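Take a look at the structure set out below.
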Amino acid sequence: MSRPKLLYLNWGTHYLLIAIAGCIALFYHRKQLKRVVFQYRYLIGWISLFYCWILLSAFASDFPQVALKYSLKYSTYPIAFGIFLLIPKLANQKFYHRTLFHFLAFISGWGIIEYFSPNLDLLNILRYPNAYPRISAIVQGANQLGVLMAIGAVFAIILYRKNLISQAELYLTVPIFIGLNTLSASRNGWLIFILGLGLLWLYKLIRLKGFLILISLWSFFLVFFPVSAARVVTPNHPVFPLLYTIAPSAQIQVSAPKKERKPDIAATSDEARVVLWKDALQVFSQKPLTGIGVGVFAEHIGWKHTERSGFHAHNIFLSILVELGIPGFILSIGLLFNFIPFWVFQQELIGIPLILIFASQQFDFFINDSTFVIFCTYFLANAVQQGELNREHLLSLSKWGDRPPQKTI
11 MSRPKLLYLN
21 WGTHYLLIAI
31 AGCIALFYHR
41 KQLKRVVFQY
51 RYLIGWISLF
61 YCWILLSAFA
71 SDFPQVALKY
81 SLKYSTYPIA
91 FGIFLLIPKL
101 ANQKFYHRTL
111 FHFLAFISGW
121 GIIEYFSPNL
131 DLLNILRYPN
141 AYPRISAIVQ
151 GANQLGVLMA
161 IGAVFAIILY
171 RKNLISQAEL
181 YLTVPIFIGL
191 NTLSASRNGW
201 LIFILGLGLL
211 WLYKLIRLKG
221 FLILISLWSF
231 FLVFFPVSAA
241 RVVTPNHPVF
251 PLLYTIAPSA
261 QIQVSAPKKE
271 RKPDIAATSD
281 EARVVLWKDA
291 LQVFSQKPLT
301 GIGVGVFAEH
311 IGWKHTERSG
321 FHAHNIFLSI
331 LVELGIPGFI
341 LSIGLLFNFI
351 PFWVFQQELI
361 GIPLILIFAS
371 QQFDFFINDS
381 TFVIFCTYFL
391 ANAVQQGELN
401 REHLLSLSKW
411 GDRPPQKTI
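To get our numbering, take the position in the sequence shown, counting from 1, and add 10.
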């Protein structure tokens, strides 16, 4: 719901919907709110300090209205994070893991519908006119969909190994997730899928045989569909894509119609990333202390090279450094360490998705995609709760060890 805008504000309706849903959930769990606030008071303090710096950076920005607008927009994400924290023992609740799995399956279902019926009126309302390939109306873009499907395929295998989904659910959804991952034409999504398979093998959740089967299926989809094959083979190849070999009459538009580019607009996405990184470092050198303000890079710097607003520095850490300066970057690192204890990565149900999420943000930054961000907050809340449970367990052990020995009769 990011394309339909609110009147007078020109904001996506999803920001309002997230805030409304969050307030309803807070009211429903109001009895637990006091306990959660006290239990995670140190984390709330870190978040408050970080948000105060965001506002300070906005006031110090050359474009304070833009920075304040984005600061207010992104304030809906901590609400979603807080809702997940209200759920007691989130990591041990099978229902929520299965719900997230079914949510990813729902997104994949919309992707299939859009692939076969790209001109549905509802889809034209939801997606942006220049969105190609046309499979991602339910999220912000095909790149985000590719990453979500890569993580979804890996997450499904983890859930199956944990006996949280059935074999039928696994065999039905994983090929769909893999197929949509290739159809997204997202090289970032492809790399995340390969990394996910490697992590599954390292965590001993799949054997080498399973790894080879999954990578073979992914490779087949890669050269079968015109959208993905256009990324890896030369144009007018006599064999690939296989779909044209099997059905020569099929015609599928794989990219947006070409338009005349300005001289300062990068020709490819790879070139655009390099240019954006260079510009980010140059802008950072001008305002290293307070940064340029949240959202300013996307509105004023990224536009020069992409002719589209919303393009950040395509790296989560570089984006934070440029927009919030060195103090904001240090605060974000401290917040991250408070979110995720290192030992959480030993738990594959939380650790693997978190690794894939942060790996995907090294060449992109999906802060504007509320679906992806809320997906991330689910695993962050799991990590925070697990860290708190481990701390309480260690405290109980230390108290037990301090007790004087009991007399025996």
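Think of the CB as a built atom: it goes at the ideal place given N, C-alpha and C, for glycine as much as any other residue.
Predicted, not measured: the structure shown is a model, and the values here were computed from it.
- A contact between stretches requires three or more CB pairs, one per stretch, nearer than 8 Å, and the segment 361-370 fails this requirement with the segment 170-179.
- In this structure, Ala240 sits away from Tyr80, with a CB-CB distance that is not shorter than 9 Å.
- Two segments are said to touch when three or more pairs of C-beta atoms, one from each, lie closer than 8 Å; by this definition the segment 344-351 does not touch the segment 156-176.
- Separation of Gly397 and Phe385 (C-alpha to C-alpha, rounded to the nearest whole angstrom) is 19 Å.
- For Leu193 and Val149, the gap between their C-alpha atoms comes out near 15 Å.
- In this structure, the CA atom of Lys99 is about 15 Å from the CA atom of Arg108.
- The C-beta distance from Ala323 to Trp287 rounds to 7 Å, short enough to fall under 8 Å.
- Close CB contacts of Ile28 within its chain, under the 7 Å cut and outside five residues either way in sequence, are with Thr86, Ile89, Ala90 and Ser380 (chain order).
- Listed in chain order, the non-local C-beta contacts of Val383 below 8 Å within the same chain comprise Tyr87, Ala90, Phe376 and Ile377, local neighbours out to five positions each way being set aside.
- Taken through DSSP and simplified to helix, strand or coil, Ile122 comes out as helix.
- Taking C-beta atoms under 8 Å as the contact rule, Leu334 and Gly301 qualify, at a distance of about 4 Å.
- Taking a contact as a CB-CB distance under 8 Å, the pair Val332 and Ala391 does not count as one, their CB atoms being some 27 Å apart.
- The C-alpha of Leu169 is placed about 12 Å away from the C-alpha of Tyr106.
- When C-alpha distances from Leu96 are compared across Pro337, Leu59, Tyr50 and Asn325, the shortest belongs to Tyr50.
- In this structure, the alpha-carbon of Pro236 lies about 32 Å from that of Ile175.
- Taking C-beta atoms as the reference points, Phe187 and Leu114 count as a pair closer than 9 Å.
- Taking 9 Å as the cut-off, the beta carbon of Gly92 is found closer than this to the beta carbon of Val46.
- DSSP, reduced to helix, strand and coil, places Asp72 outside both helices and strands of the structure shown, so it counts as coil.
- When Leu155, Phe339, Leu209 and Leu399 are compared, the shortest CA-CA separation from Pro363 is found for Leu209.
- In this structure, Phe69 sits away from Leu341, with a CB-CB distance that is not shorter than 9 Å.
- For Leu130, the secondary structure class from DSSP, reduced to helix, strand or coil, is coil.
- In this model, Asn153 and Ile326 are separated by some 15 Å (Cα to Cα).
- About 5 Å separates the beta carbon of Tyr213 from that of Glu358, a gap short enough to meet the 8 Å contact definition.
- Rounded to whole angstroms, the separation of the alpha carbons of Leu222 and Arg197 is 20 Å.
- Sorting Val394, Ile330, Asp374 and Ile365 by C-alpha distance to the C-alpha of Ser67 places Ile330 at the top.
- Taking C-beta atoms under 8 Å as the contact rule, Ala166 and Phe111 qualify, at a distance of about 6 Å.
- For Pro298, same chain residues with a beta-carbon under 7 Å away, outside a window of 5 residues either side, are Gly335 and Ile336 in chain order.
- Here DSSP, grouped into helix, strand and coil, assigns Tyr50 to coil.
- In this structure, Ile145 and Leu132 do not form a Cβ contact; the two beta carbons are roughly 14 Å apart against a cut-off of 8 Å.
- Rounded to whole angstroms, Pro351 and Phe389 show a C-alpha spacing of 13 Å.
- Per DSSP, reduced to three states, the secondary structure at Gln356 is helical.
- The three-state secondary structure of Ser194, taken from DSSP, is coil.
- In the displayed model, Asn378 falls within coil according to three-state DSSP, outside both helix and strand.
- By the Cβ-count criterion, Asp374 is buried, with 16 or more other Cβ atoms from all chains shown falling within 10 Å of its own Cβ.
- The beta carbon of Phe37 sits closer than 6 Å to none of the beta carbons in its chain outside the five residues before and after it.
- The straight-line gap separating the alpha-carbon atoms of Asp72 and Gln292 is approximately 16 Å.
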